[in-house]
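Participant:
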Amino acid sequence: MASDLSKLDPEMAGRDADDGIAWYNVQDWGVEGKGWEETEAYYDRLPAKAKGVVRDPVWNLSRHSAGICFHFETDATEISARWVLRSSNLAMPHMPATGVSGLDLYTRGDDGRWHWVGVGRPESGPKVQAKLASGLKPGYRAYRVYLPLYNGVTSVEVGVDPKARFQPVPPRTERPIVFYGTSIVHGGCASRPGMCHPAILGRRLDRPVLNLGFSGNGQMEPEVAALLAELDPCVYVIDCLPNMTAPLITERA
Numbered sequence: 000m001a002s003d004l005s006k007l008d009p010e011m012a013g014r015d016a017d018d019g020i021a022w023y024n025v026q027d028w029g030v031e032g033k034g035w036e037e038t039e040a041y042y043d044r045l046p047a048k049a050k051g052v053v054r055d056p057v058w059n060l061s062r063h064s065a066g067i068c069f070h071f072e073t074d075a076t077e078i079s080a081r082w083v084l085r086s087s088n089l090a091m092p093h094m095p096a097t098g099v100s101g102l103d104l105y106t107r108g109d110d111g112r113w114h115w116v117g118v119g120r121p122e123s124g125p126k127v128q129a130k131l132a133s134g135l136k137p138g139y140r141a142y143r144v145y146l147p148l149y150n151g152v153t154s155v156e157v158g159v160d161p162k163a164r165f166q167p168v169p170p171r172t173e174r175p176i177v178f179y180g181t182s183i184v185h186g187g188c189a190s191r192p193g194m195c196h197p198a199i200l201g202r203r204l205d206r207p208v209l210n211l212g213f214s215g216n217g218q219m220e221p222e223v224a225a226l227l228a229e230l231d232p233c234v235y236v237i238d239c240l241p242n243m244t245a246p247l248i249t250e251r252a
C-alpha cells in the first residue's frame, strides 16, 4: 500500500525531509467538503465565478476552509502536519486558535464510529508545523483531518515516518448534506474544527458535508441560492434566521 505508493504513482511519493518525516501533499488525492472544482484557490468553498456576484463579505468568508476535510490510512505511531494559513490572525477573542486555524484529527474505531485523536495547535503563522498525534498504539487505521474553521489555507501536508505505510483515501462520492447559514454553521465558536455541528452530524450520519456557513452573512440571498441550486445534495439544511430580520425573511423565504 503506502510503501508501494511511489511505485504506483511517483507523483504521490512522500518527500523525506531533514526532520525524518515523509510529507504527502493533500491536493494530490483531494479533499472532501467542496461543492465546486472551479475555485479560485484550491481550498476555497465557493467557485471562482461567485467573485463579484455574491457580496464581498460572503466571498471573503468563503475562503475560510470550514467543513473541508481529507482522509488517509496509515500504521504510523506519530502523525504530523504542516499547513500555510491565509491569515496570521490565528485566533479571535472569543474563539481559540485550535478552532480558528488548527487541524483536527479523527480515527475510525473498531466500532465503526469516528473518535477524536488530537489537534494541531498553531503557535505562529502563516506557516505552521505541528504534531497531530504521537504515541499511537501500533495498527493500520483510517483517519480524517478537518481544516481550519475561520481561516483559509493555501497548502496542507500530512507527515509520517518514512517507513510507515501510508495510503491516501480519495473523497467519498455519496451525495452530501449541504448546510447554508450563519456563524453557527460556519463553526463559531467551536474549540476544534471537528466540533462544529455540521461536522458532528456528518460523522454521526456517515455522510459527506458541505459547510456553507458565512459568519454574520447567512441572509438567503438570491445569488447564493442560485449557487446552491447547482449542487446535488441528499438534503439542504438552511439555517439563516439569526442573521435576518422579519421583513427580509418575508421577502426572501
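The sequence shown maps to residues 0 to 252 in numbering that gives the first Met the number 0.
We put the beta carbon where it would ideally sit given N, CA and C, even for glycine.
In this text the structure is predicted, and so the values were computed from the model without any measurement.
1. Work out the CA separation of Val53 and Glu222 for me, nearest whole Å.
2. Pro156 bridges to which residues according to DSSP?
3. Between Val208 and Pro197, which are expected to be in contact by the criterion C-beta below 8 angstroms, what is the C-beta distance as a whole number of angstroms?
4. So Ser214 and Gly98 are in contact, right, with Cβ under 8 angstroms, and what is the actual spacing, rounded?
5. Give the secondary structure of Asp55 by DSSP, where H, G and I count as helix, E and B as strand, and everything else as coil.
6. Contact between the segment 160–174 and the segment 82–93 is defined here as three or more beta-carbon pairs at a separation below 8 angstroms; is this criterion met?
7. Between Gly32, Arg81 and Val83, which has its C-alpha nearest Ser61's C-alpha?
8. What is the residue span of the alpha helix (DSSP H) that His185 lies within?
9. Output needed for Gly117: all residues of its chain with C-beta closer than 7 angstroms, excluding positions within five of it in sequence on either side, in chain order.
10. DSSP three-state call for Lys126: helix, strand or coil?
11. Just verifying my parser: in three-state terms, what is the DSSP assignment at Arg143?
12. Are three or more beta carbon pairs between the segment 146–166 and the segment 73–82 nearer than 8 angstroms?
13. State the start and end residues of the unbroken alpha helix (DSSP H) segment that holds Ile237.
14. Between Gln128 and the rest of its own chain, which residues show a CB-CB distance below 6 angstroms, the 5 nearest in sequence each way excluded?
15. Apart from the five residues just before and just after Ala163, which ones in its own chain have a Cβ nearer than 6 angstroms to its Cβ?
16. Could you give the first and the last residue of the continuous beta strand (DSSP E) run that contains His114?
17. Taking the alpha helix (DSSP H) that Thr73 belongs to, which residues open and close that run?
18. With H, G and I counted as helix, E and B as strand and the rest as coil, what does DSSP make of Arg107?
19. What residue from Cys188, Ala21, Pro46 and His63 has the CA that sits closest to Pro95's CA?
20. On the DSSP letters alone, give me the boundaries of the alpha helix (DSSP H) that Leu247 sits inside.
21. How many angstroms separate the CA atom of Val177 from the CA atom of Trp22?
22. With three or more C-beta pairs closer than 8 angstroms as the rule, is the segment 146–154 touching the segment 55–69?
Facilitator: The structure says:
1. Numbered from 1 along the sequence shown, position 223 holds the residue referred to as residue 222. Numbered from 1 along the sequence shown, position 54 holds the residue referred to as residue 53. One C-alpha to the other measures close to 6 angstroms.
2. On the sequence shown, residue 156 is found 157 positions in, with the first residue counted as 1. Note that residue 156 is Glu in the sequence shown here, rather than Pro. According to DSSP, Glu156 bridges with Asn24 and Arg81.
3. The residue you call residue 208 lines up with position 209 of the sequence shown. The residue you call residue 197 lines up with position 198 of the sequence shown. Correct: roughly 5 angstroms between the Cβ atoms.
4. Numbered from 1 along the sequence shown, position 215 holds the residue referred to as residue 214. Numbered from 1 along the sequence shown, position 99 holds the residue referred to as residue 98. The pair is not a contact, with the Cβ atoms about 12 angstroms apart (cut-off 8 angstroms).
5. For the purposes of this step, residue 55 is identified with residue 56 of the sequence shown, where counting begins at 1. The answer is helix: DSSP assigns Asp55 an H, G or I state.
6. no
7. What you label residue 61 is simply residue 62 of the sequence shown in a count that begins at 1. Nearest C-alpha to Ser61: Gly32.
8. Within the sequence shown, numbered from 1, the residue matching residue 185 stands at position 186. Note, His185: alpha helix (DSSP H), Ser182 to His185.
9. Counting from one through the sequence shown, the residue named residue 117 turns up at place 118. Cβ within range, chain order: Leu104, Leu131 and Ala132.
10. Taking the sequence shown and counting its residues from 1, the one referred to as residue 126 is at position 127. The answer is strand: DSSP assigns Lys126 an E or B state.
11. Residue mapping note: residue 143 aligns to position 144 of the sequence shown, counting from 1. Strand at Arg143.
12. yes
13. Your numbering for residue 237 matches position 238 in the sequence shown. First-last for Ile237: Val234 to Asp238, but that is the beta strand (DSSP E), not the alpha helix (DSSP H).
14. For the purposes of this step, residue 128 is identified with residue 129 of the sequence shown, where counting begins at 1. These residues qualify, in order along the chain: Arg81.
15. Here residue 163 refers to the residue found at position 164 when the sequence shown is read from its first residue. Correct list, in chain order: Thr73, Asp74 and Ala75.
16. Here residue 114 refers to the residue found at position 115 of the sequence shown. Here the beta strand (DSSP E) through His114 covers Trp113 to Gly119.
17. Taking the first residue of the sequence shown as 1, we reach residue 73 at position 74. That residue, Thr73, is in no alpha helix (DSSP H); its beta strand (DSSP E) goes Cys68 to Thr73.
18. Looking up residue 107 in the sequence shown gives position 108. In the structure shown, Arg107 sits in a strand (DSSP, three-state: E or B).
19. The residue given as residue 95 occupies position 96 in the sequence shown. Measuring from the Cα of Pro95, the nearest candidate turns out to be Cys188.
20. For this step, residue 247 is matched to residue 248 along the sequence shown. Looking at the DSSP string, the run of the alpha helix (DSSP H) that includes Leu247 is Ala245 to Arg251.
21. Residue 177 sits at position 178 when you count from the first residue of the sequence shown. Residue 22 sits at position 23 when you count from the first residue of the sequence shown. Taking the straight line joining both Cα atoms gives about 31 angstroms.
22. yes
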